[in-house]
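Below: one structure, written as structure tokens.
Number of protein chains: 2
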Amino acid sequence: MGDWLGEFEQLVLFAVLQLEDGAYGVTIRQAIEDRTGRQVSAGAVYTTLERLEGRGLVLSAWGDPTPERGGKRKRYYRLRPEGRAALTRSWQALRAMARGSGRKLEST
Amino acid sequence: MGDWLGEFEQLVLFAVLQLEDGAYGVTIRQAIEDRTGRQVSAGAVYTTLERLEGRGLVLSAWGDPTPERGGKRKRYYRLRPEGRAALTRSWQALRAMARGSGRKLEST
DNA sequence: GCCATAAAACTCACAATGTGATTAATATTG
DNA sequence: CAATATTAATCACATTGTGAGTTTTATGGC
Chain A
115 MGDWLGEFEQ
125 LVLFAVLQLE
135 DGAYGVTIRQ
145 AIEDRTGRQV
155 SAGAVYTTLE
165 RLEGRGLVLS
175 AWGDPTPERG
185 GKRKRYYRLR
195 PEGRAALTRS
205 WQALRAMARG
215 SGRKLEST
Chain B
115 MGDWLGEFEQ
125 LVLFAVLQLE
135 DGAYGVTIRQ
145 AIEDRTGRQV
155 SAGAVYTTLE
165 RLEGRGLVLS
175 AWGDPTPERG
185 GKRKRYYRLR
195 PEGRAALTRS
205 WQALRAMARG
215 SGRKLEST
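Taken in sequence, the protein lines are chains A and B. Be aware that the first sequence starts at 115, since it is given in this note's numbering, and climbs by one per residue. Be aware that the second sequence starts at 115, since it is given in this note's numbering, and climbs by one per residue.
Right, here's the structure in full:
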């Protein structure tokens with residue numbers, strides 16, 4: 115039953131999943147850039163997180179300010195079971211579709 | 115270098131890639147439904163194909179009418195090198211992002 | 001205390017993608 | 001010719017993607 119994730123939403127959810135306790139705007143953005151080589155704007159990340167939270171796929175909690183220069187409080191995100199399920203569905207669908215395409219794609 | 119594919123665009127491109135000579139609206143739709151279990155509307159497929167062609171990722175050619183009931187001519191699609199490259203990029207990015215998430219996703 | 005600087009979050013208008021209900025075009029069958 | 005089958009196309013609207021710019025709150029140096 116419907117409720118699929120866009121591509122960027124998937125990237126963000128994977129980042130949240132893997133960063134575990136350390137997932138907030140900056141690290142999420144960094145994780146995506148590091149892993150995919152794709153440049154990401156901060157705004158895109160925050161907007162997407164907000165929408166994902168609105169859909170109940172993710173939840174956020176404020177951290178405490180840290181004693182470093184610019185140590186503003188962070189907003190940490192975690193996956194909710196619904197988010198994990200949605201990510202699993204979308205990812206499985208793509209994998210199923212990609213199956214067998216290996217040598218038909220570019221090798222570079 | 116920007117120019118990323120949406121999720122549905124990826125599904126459509128994978129279908130075109132795998133159907134080889136037999137890729138047209140109906141078979142593309144069928145392939146996606148069969149492989150992913152996700153229900154797809156015909157309109158979504160045609161609209162997406164049109165946009166992909168406009169971006170130069172795919173090209174189309176008319177087939178001949180076939181001698182069967184309702185044997186209307188088909189519009190066949192093929193991937194252009196640009197399309198193959200774009201699909202490779204997007205797919206690799208997602209895979210890179212997903213790497214290591216295996217056991218953190220749902221098993222069902 | 002005050003100003004410069006740093007880190008993080010947020011806003012928001014606009015662009016790109018996703019979707020489904022509906023309509024059109026052509027063919028065969030009876 | 002009317003009914004039906006197959007495919008394509010249209011199109012308004014919903015959802016997602018994006019980036020330039022702004023705000024908030026902290027520290028460091030003077």
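For every residue, glycine included, the Cβ atom is placed at its ideal position computed from N, Cα and C.
Pair within 8 Å by beta-carbon distance, residue i and residue j
i	j	result
residue 197/A	residue 187/A	no
residue 173/A	residue 182/A	no
residue 139/B	residue 154/B	no
residue 123/B	residue 161/B	no
residue 194/B	residue 208/B	no
residue 220/A	residue 145/B	no
residue 156/B	residue 143/B	yes
residue 121/A	residue 121/B	yes
Element boundaries [alpha helix (DSSP H), containing residue i]
i	result
residue 176/A	Run containing residue 176/A: none in the alpha helix (DSSP H); it sits in the beta strand (DSSP E), 172-176.
residue 203/B	195-212
residue 145/B	139-150
residue 216/B	Unbroken run through residue 216/B: none, as it is neither H nor E.
residue 126/A	121-133
residue 168/B	156-168
Residue i versus residue j - alpha carbon distance
i	j	result
residue 119/A	residue 151/A	21 Å
residue 134/A	residue 202/B	28 Å
residue 179/A	residue 185/A	6 Å
residue 141/A	residue 191/B	41 Å
residue 149/B	residue 205/A	13 Å
residue 164/B	residue 117/A	24 Å
residue 175/A	residue 218/B	21 Å
residue 132/A	residue 189/A	16 Å
residue 137/B	residue 137/A	42 Å
Residue i Cβ short of 7 Å to the ligand NAP heavy atom set
i	result
residue 152/B	Judged by which ligands are present, the structure shown has none, so any question about the ligand NAP falls away.
>> I'd like to know if the region 124-143 of chain B and the region 208-220 of chain A are in contact, where contact means that at least 3 CB-CB pairs between them fall below 8 Å.
In response: Three or more pairs of CB atoms, one per stretch, sit closer than 8 Å, so the region 124-143 of chain B contacts the region 208-220 of chain A.
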